[in-house]
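The sequence shown begins at 4 in the numbering used here and counts up by one.
Notes follow the structure.
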Amino acid sequence: MDKFFAAIRKNYFDNTVELSKLSKTFFLWAIGLVLVYVTNIFLVRIIGLSLFGKFSVFISWVTLCSTIVAFGWDGYLIQKIPLLAKTKDGKISSSRILVIAVLSFFILFALLSIAMLLLSKYNTLLFAFIQPGQLKYFLVLVFLFAAIGLLKAFLKIFHIVIQVQWVEDFMKPILLFAIILFFYVESMKISLSTLYIINIIAFAILFATLLLFVFKTYKNNFVLPSVEVSSENEKWFTKCFYFMCIYLGYSIFTRMELLFLGHFNKNDEAAKFQILLRISELVIIPDFLFNYFLPQKFSYLFAEKKYDDARKLFGNASKTIIFLQLICFAGIMAIGYFYLQSFDIASPGLYILLVAMSISPVFYSLFGSANLVLKTSGLERYSFYALFIVLVAELVANYLFIQPFGLIAAVIISIASVLLYTLLLSLFLYNKLKFYNAVTKYLFFVKNAG
Numbered sequence: 004m005d006k007f008f009a010a011i012r013k014n015y016f017d018n019t020v021e022l023s024k025l026s027k028t029f030f031l032w033a034i035g036l037v038l039v040y041v042t043n044i045f046l047v048r049i050i051g052l053s054l055f056g057k058f059s060v061f062i063s064w065v066t067l068c069s070t071i072v073a074f075g076w077d078g079y080l081i082q083k084i085p086l087l088a089k090t091k092d093g094k095i096s097s098s099r100i101l102v103i104a105v106l107s108f109f110i111l112f113a114l115l116s117i118a119m120l121l122l123s124k125y126n127t128l129l130f131a132f133i134q135p136g137q138l139k140y141f142l143v144l145v146f147l148f149a150a151i152g153l154l155k156a157f158l159k160i161f162h163i164v165i166q167v168q169w170v171e172d173f174m175k176p177i178l179l180f181a182i183i184l185f186f187y188v189e190s191m192k193i194s195l196s197t198l199y200i201i202n203i204i205a206f207a208i209l210f211a212t213l214l215l216f217v218f219k220t221y222k223n224n225f226v227l228p229s230v231e232v233s234s235e236n237e238k239w240f241t242k243c244f245y246f247m248c249i250y251l252g253y254s255i256f257t258r259m260e261l262l263f264l265g266h267f268n269k270n271d272e273a274a275k276f277q278i279l280l281r282i283s284e285l286v287i288i289p290d291f292l293f294n295y296f297l298p299q300k301f302s303y304l305f306a307e308k309k310y311d312d313a314r315k316l317f318g319n320a321s322k323t324i325i326f327l328q329l330i331c332f333a334g335i336m337a338i339g340y341f342y343l344q345s346f347d348i349a350s351p352g353l354y355i356l357l358v359a360m361s362i363s364p365v366f367y368s369l370f371g372s373a374n375l376v377l378k379t380s381g382l383e384r385y386s387f388y389a390l391f392i393v394l395v396a397e398l399v400a401n402y403l404f405i406q407p408f409g410l411i412a413a414v415i416i417s418i419a420s421v422l423l424y425t426l427l428l429s430l431f432l433y434n435k436l437k438f439y440n441a442v443t444k445y446l447f448f449v450k451n452a453g
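Okay, structure coming up:
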């Protein structure tokens, strides 16, 4: 195992990524996933399938609104910080861009809060996914989700990964698991409001811890004080807008079927779709593992104009990721039916839907990490174009087929959308940077591919 991780580190990461950190990343992520899955099993047994569906829809809307509040800074900072001027001792000379990011965050959160409060007073049925008295929980979670996303992006660019994982992927899941297990053992019921409060406590602890990490990292990497006006044309608004559209579009893209199931009041099927989505995400474990390190790796390569190295990294990484994903896919086929049994929803038909949904994440590595490269190379607008095309098609398909066909339509639309999205990303990447991998070189008829 050590040799395997050593080979990955040598080919895909840099000298700042130690073997022990890479191993811990995988270990912590795996533990966190297991805890989340087990917690969901107990949660469904406590609140039932219908309420779990409502909870899933509520959290999906929290994620969408938090993406608007973050305004794409979580993507732009990863791209921008490696380009900032540094002093002789290696510290960044200006933190102006961070000040703008913080102000933008608070202004957008205030505007969103005011808008939702006024609209909810005007029409109490406008936000059907929020029950009376729950708007305050919704807004607090939006604040925490958006803030945590920005803090994680800042820490990632300085390779602060393991510390974040200890809190996010280990301590937070343990806390949630312990609370839910207590309610289950004591045979106590949980209302949706109580469930939201529990999540607020867990995410508030994560937020406070990340904030401490950020203060320490800022002090070590920036000149103090360092908020002087820069003459550089940063074009931050345009860049952030594209990133926001990408992240917002991707959030809608990955949750649209769930939202439509909730919209048509198919709460049981929404819960089943969420369960299928959760276990199919096991296939993405290698992708998430690499995403802890690859974004900043690509950012630094593009900042240093090492395009050949970036092209080689793109091709090699996709081979390793898809190999690991196929192993995860085999694991899902082996344990998937038993996992469905733990929710008392197992059936041959649902197992087939699970296997089908688990295939779609493989497309992301089959055609290469095109989205990641586009976002770190300054070509994020092409990620937006791909998302826009797919979202329009997906929206029409959901509107036409979710109500009459329910869960089956949701799964088919989800798979088709991922396939179309990854193909478009790969096409844009090849046209702009001539990046390709072992699969896309045949799709795009690449001549003299090395």
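From the three backbone atoms N, C-alpha and C, an ideal C-beta is built for every residue, glycine too.
Please tell me whether residue i and residue j are closer than 7 Å, where the distance is taken between their beta carbons.
{"i": "S368", "j": "I418", "result": "no"}
{"i": "L178", "j": "V167", "result": "no"}
{"i": "M259", "j": "E383", "result": "no"}
{"i": "A273", "j": "G56", "result": "yes"}
{"i": "G371", "j": "N440", "result": "yes"}
{"i": "G35", "j": "F173", "result": "yes"}
{"i": "L432", "j": "V376", "result": "yes"}
{"i": "L357", "j": "L279", "result": "yes"}
{"i": "F276", "j": "A413", "result": "yes"}
{"i": "S116", "j": "I249", "result": "no"}
{"i": "L52", "j": "D271", "result": "yes"}
{"i": "I416", "j": "A400", "result": "yes"}
Could you round the C-beta distance between residue i and residue j to whole angstroms and report it? I think they count as a contact, below 8 Å.
{"i": "V60", "j": "G334", "result": "Their Cβ separation, rounded to whole angstroms, is 28 Å, which puts V60 and G334 out of contact at 8 Å."}
{"i": "S63", "j": "L261", "result": "6 Å"}
{"i": "I405", "j": "F263", "result": "4 Å"}
{"i": "W76", "j": "L292", "result": "Contact doesn't hold; Cβ gap of about 24 Å is too wide."}
{"i": "P298", "j": "T379", "result": "6 Å"}
Using the rule of at least 16 other Cβ atoms within 10 Å of the residue's Cβ for burial, across every protein chain shown, is residue i buried or exposed?
{"i": "A211", "result": "exposed"}
{"i": "M191", "result": "exposed"}
{"i": "D164", "result": "The sequence given here places Val at residue 164; Asp does not occur at that position. Answer is buried; the Cβ neighbour count reaches 16."}
{"i": "Q344", "result": "exposed"}
{"i": "K435", "result": "exposed"}
{"i": "P135", "result": "exposed"}
{"i": "K124", "result": "exposed"}
{"i": "M247", "result": "buried"}
{"i": "A360", "result": "Note that residue 360 corresponds to Met in the displayed sequence, not to Ala. Label assigned to M360: buried."}
{"i": "F256", "result": "buried"}
Return the chain-ordered list of same chain residues with a C-beta closer than 7 Å to the C-beta of residue i, the five sequence neighbours on each side being excluded.
{"i": "I182", "result": "I201"}
{"i": "V442", "result": "L369 and F370"}
{"i": "V217", "result": "L154, F157 and L158"}
{"i": "L38", "result": "P176, I177 and F180"}
{"i": "L394", "result": "G252, I255 and F256"}
Which same chain residues end up closer than 8 Å to residue i when comparing Cβ atoms and leaving out the 5 residues on each side of it in sequence?
{"i": "S234", "result": "With a pLDDT of only 43 at S234, under the threshold of 50, the placement of this residue in the model should not be trusted, and no figure is reported."}
{"i": "V365", "result": "V286, I325, Q328, L329 and F332"}
{"i": "F206", "result": "L144, L147, F148, I151 and K175"}
{"i": "L120", "result": "L138"}
{"i": "S107", "result": "F74, W76 and C243"}
{"i": "Y354", "result": "G339, Y340 and L343"}
Please list, in chain order, all residues of the same chain as residue i whose beta carbon is under 6 Å from its beta carbon, the five residues on each side excluded.
{"i": "I133", "result": "F141"}
{"i": "Y253", "result": "none"}
{"i": "R314", "result": "F438"}
{"i": "V232", "result": "Model confidence at V232 stands at a pLDDT of 49, short of 50, so the residue's coordinates are unreliable and nothing is read from them."}
{"i": "L46", "result": "I183"}
{"i": "K269", "result": "G409"}
{"i": "Y342", "result": "I282"}
{"i": "F447", "result": "Y433"}
{"i": "V449", "result": "Y439"}
**Request:** For the region 303-318 and the region 422-430, state whether three or more C-beta atom pairs, one from each stretch, are separated by less than 8 Å.
**Result:** no
**Item:** Three-pair Cβ contact test at 8 Å for the region 74-84 versus the region 242-253
**Value:** yes
**Message:** Below 8 Å, how does it come out for the region 148-155 and the region 101-117: are there three or more Cβ pairs, yes or no?
**Reply:** yes
**Message:** Would you call the region 340-351 in contact with the region 423-443, where contact means no fewer than 3 C-beta pairs closer than 8 Å?
**Reply:** no
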